[in-house]
Structures are given as C-alpha cells and as structure tokens.
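Student: Heads up: take any position in the sequence shown, counting from 1, add 8, and you land on the working numbering.
Every residue gets a Cβ at the ideal spot worked out from N, C-alpha and C, and that includes glycine.
This is the structure, below, for whatever I ask next.
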Amino acid sequence: MTTATWLLLAVAVLVVLLLGWAAWTLTRLRRLAGRVRRAREVLDAALLRRAELAAAVARERADDLGPELAAALAAAAAGARAPTAGDREAAENRLGGLLRRVPPEARPPELQDTGMRVGLARRFYNDAVRDTLVLRRGRPARLLRLHTGRPLPRYFDIDDGLDAVLTGPGAGAVSGAGRLPG
Numbered sequence: 009m010t011t012a013t014w015l016l017l018a019v020a021v022l023v024v025l026l027l028g029w030a031a032w033t034l035t036r037l038r039r040l041a042g043r044v045r046r047a048r049e050v051l052d053a054a055l056l057r058r059a060e061l062a063a064a065v066a067r068e069r070a071d072d073l074g075p076e077l078a079a080a081l082a083a084a085a086a087g088a089r090a091p092t093a094g095d096r097e098a099a100e101n102r103l104g105g106l107l108r109r110v111p112p113e114a115r116p117p118e119l120q121d122t123g124m125r126v127g128l129a130r131r132f133y134n135d136a137v138r139d140t141l142v143l144r145r146g147r148p149a150r151l152l153r154l155h156t157g158r159p160l161p162r163y164f165d166i167d168d169g170l171d172a173v174l175t176g177p178g179a180g181a182v183s184g185a186g187r188l189p190g
C-alpha cells in the first residue's frame with residue numbers, strides 16, 4: 009500500500025469515529041433534553057402543590073397566623089400559582105420566605121413534606137440542566153454545532169432553605185456550589 013492509501017484510510021477512520029461520536033452525543037443530548045423536561049414537570053407540580061397547601065394554611069389557620077401573615081401568605085400562594093410577569097423564581101422566593109414565618113404549630117406535616125419534595129425536585133432539575141450545559145458547552149459540540157437550534161436550559165434558583173438539608177452540613181452557606189456560572 010502506498011502512502012496515499014494509508015493517508016486516505018486514516019482520514020476515513022477519523023471521519024467514521026467523528027460521525028460515531030457525533031451520533032452518540034446527539035443521542036445523549038436528546039436524552040438530556042427529555043430529562044430536563046421531565047424534571048421541570050415534576051418541579052412545577054411540586055411548586056404548585058406547595059402553593060396550594062400554603063393557600064389552605066392561610067385559609068384554615070388564619071387565627072393561628074394572624075391577619076397580616078394570613079393575607080400575605082394567601083397573596084404569595086396566589087402569586088406562586090400564577091406569576092404575573094413570568095418571574096416564577098421571585099414569586100416562589102416570596103412564598104418560601106412567608107412559609108418560614110409560619111409557626112410550627114400552624115404548619116401541617118404535608119407542607120413540610122412538600123417543601124422537601126420541592127427541594128429535591130429543584131436539585132434534580134438543576135442537575136439535569138448542569139449535565140446538559142456541560143455537554144453542549146464542550147468544544148467539540150460547539151464546533152460541530154450540535155443542538156444549536158434548541159435554547160439552553162436555565163437553572164431554577166430559589167431560596168427554599170433546604171440547601172443544608174440536601175447537601176449536608178455547612179453546604180448551605182455555599183449556595184450553588186458545583187454549578188457552572190452562567
């Protein structure tokens with residue numbers, strides 16, 4: 009075999025390897041997009057459930073909460089169920105801050121459980137977003153322009169007070185550790 013034949017064979021092998029990698033990466037990106045979508049649906053359901061429970065607490069335990077907190081909690085729950093300017097994170101932060109002010113005797117156990125589910129759903133969603141961004145921002149994926157037609161997913165950051173519970177002691181002070189900037 010001549011040098012030109014070896015060179016042609018090497019180029020053909022490289023093209024096959026590149027095509028194989030691109031197909032594998034596209035499959036991974038499609039799976040990650042589905043994972044982000046499903047995690048977002050679970051997060052939205054958990055947030056809606058928390059807002060409904062908060063509205064029920066504001067209605068049913070208004071005497072324990074006091075008129076100001078009950079009214080603010082009801083308004084925040086309504087705002088979290090249907091955010092006005094599309095700012096879901098601000099509405100959820102407002103609701104979360106008010107829920108932390110609810111006295112323990114007025115807080116039903118379902119609300120605590122739902123709060124943990126929100127924290128876990130947020131963590132799963134943000135993990136899926138992180139994995140997607142890492143793969144899409146890699147140099148080979150950018151050079152081959154894989155999935156450039158799809159919008160980049162966004163992190164969902166709210167202050168739900170569960171960072172220390174979900175990541176271990178001392179981790180709550182370093183909110184967002186391990187995430188990519190952006």
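(1) Between Ala54 and Thr122, how many whole angstroms is the CB-CB distance? I'm expecting something under 8 Å.
(2) For Arg45, count neighbouring C-beta atoms within 10 Å of its own C-beta (all shown protein chains included) and say buried if the count is 16 or more, exposed if not.
(3) Determine the contact status of Ala90 and Ala78, defining contact as a CB-CB distance below 8 Å.
(4) What did DSSP end up calling Asp72 once you bin it into helix, strand or coil?
(5) I need the DSSP call for Arg145, collapsed to helix, strand or coil.
(6) Residue ranges of each alpha helix (DSSP H) run of no fewer than 4 residues wholly in the segment 91 to 148, ordered along the chain?
(7) Are the CB atoms of Glu113 and Ile166 nearer to each other than 8 Å?
(8) According to DSSP, simplified to helix, strand and coil, what is Ala18?
(9) Starting from the Cα of Trp29, find the closest Cα among Thr156, Tyr163 and Ala149 and give me that residue.
(10) Buried or exposed: where does Glu76 fall if 16 or more other Cβ atoms within 10 Å of its Cβ makes it buried?
(11) Between Leu154 and Thr33, is the Cβ-Cβ spacing less than 8 Å?
(12) Report the rounded CA-to-CA distance for Ala41 versus Thr10, giving the unit in angstroms.
(13) Below 8 Å, can you find three or more Cβ-Cβ pairs linking the segment 57 to 65 to the segment 98 to 111?
(14) Rounded to a whole number of angstroms, what is the C-alpha to C-alpha distance between Val19 and Ala99?
(15) When the Cα atoms are used, what is the spatial distance from Ala47 to Asp72?
(16) May I have the straight-line CA-CA distance separating Leu27 from Val21, to the nearest angstrom?
(17) In or out: Ala88 buried (at least 16 other Cβ within 10 Å) or exposed?
(18) Looking at the structure shown, is Asp52 part of a helix, part of a strand, or coil, going by DSSP?
(19) Is the separation between the beta-carbon of Leu51 and that of Phe164 shorter than 8 Å?
Tutor: In this structure, then:
(1) By 1-based counting over the sequence shown, the position of residue 54 is 46. By 1-based counting over the sequence shown, the position of residue 122 is 114. That pair is a contact at about 7 Å.
(2) Start at 1 with the first residue of the sequence shown, and residue 45 comes out as number 37. Counting Cβ neighbours within 10 Å, Arg45 comes out exposed, since fewer than 16 surround it.
(3) Locating residue 90 in the sequence shown gives position 82, counting from the first residue. Locating residue 78 in the sequence shown gives position 70, counting from the first residue. The criterion of a C-beta distance shorter than 8 Å is not satisfied by Ala90 and Ala78.
(4) Locating residue 72 in the sequence shown gives position 64, counting from the first residue. DSSP places Asp72 in helix when its eight states are reduced to three.
(5) Indexing the sequence shown from 1 puts residue 145 at position 137. In the structure shown, Arg145 sits in coil (DSSP, three-state: anything other than H, G, I, E or B).
(6) Listed in chain order, the complete alpha helix (DSSP H) runs (minimum 4 residues) inside the segment 91 to 148 are 96 to 109 and 117 to 144.
(7) In the sequence shown, residue 113 corresponds to position 105, counting from 1. In the sequence shown, residue 166 corresponds to position 158, counting from 1. No, these two residues do not count as a Cβ contact at 8 Å.
(8) Mapped onto the sequence shown, residue 18 falls at position 10. It is helical.
(9) Counting from 1 along the sequence shown, the entry for residue 29 is found at position 21. Comparing alpha-carbon positions, the option among Thr156, Tyr163 and Ala149 lying closest to Trp29 turns out to be Ala149.
(10) Position 68 of the sequence shown, counted from the start, is the residue given in the question as residue 76. Exposed, because fewer than 16 other Cβ atoms sit within 10 Å of the Cβ of Glu76.
(11) Reading the sequence shown from its first residue, position 146 is the one you call residue 154. Reading the sequence shown from its first residue, position 25 is the one you call residue 33. In this structure, Thr33 lies closer than 8 Å to Leu154 by Cβ.
(12) As a position in the sequence shown, residue 41 is number 33, starting the count at 1. As a position in the sequence shown, residue 10 is number 2, starting the count at 1. C-alpha separation (whole angstroms): 46 Å.
(13) Output reads yes: the segment 98 to 111 touches the segment 57 to 65.
(14) In the sequence shown, residue 19 corresponds to position 11, counting from 1. In the sequence shown, residue 99 corresponds to position 91, counting from 1. Going from the Cα of Val19 to the Cα of Ala99 covers about 55 Å.
(15) Position 39 of the sequence shown holds residue 47. Position 64 of the sequence shown holds residue 72. Rounded to the nearest angstrom, the two C-alpha atoms are 35 Å apart.
(16) The residue you call residue 27 lines up with position 19 of the sequence shown. The residue you call residue 21 lines up with position 13 of the sequence shown. It is roughly 10 Å from the alpha-carbon of Leu27 to the alpha-carbon of Val21.
(17) The count along the sequence shown starts at 1 and reaches residue 88 at position 80. With 16 or more Cβ atoms within 10 Å of its Cβ, Ala88 is classed as buried.
(18) As a first step, residue 52 is located in the sequence shown; it is residue number 44 there, counting from the start. Helix.
(19) For this step, residue 51 is matched to residue 43 along the sequence shown. For this step, residue 164 is matched to residue 156 along the sequence shown. Cβ distance < 8 Å, so Leu51 and Phe164 count as in contact.
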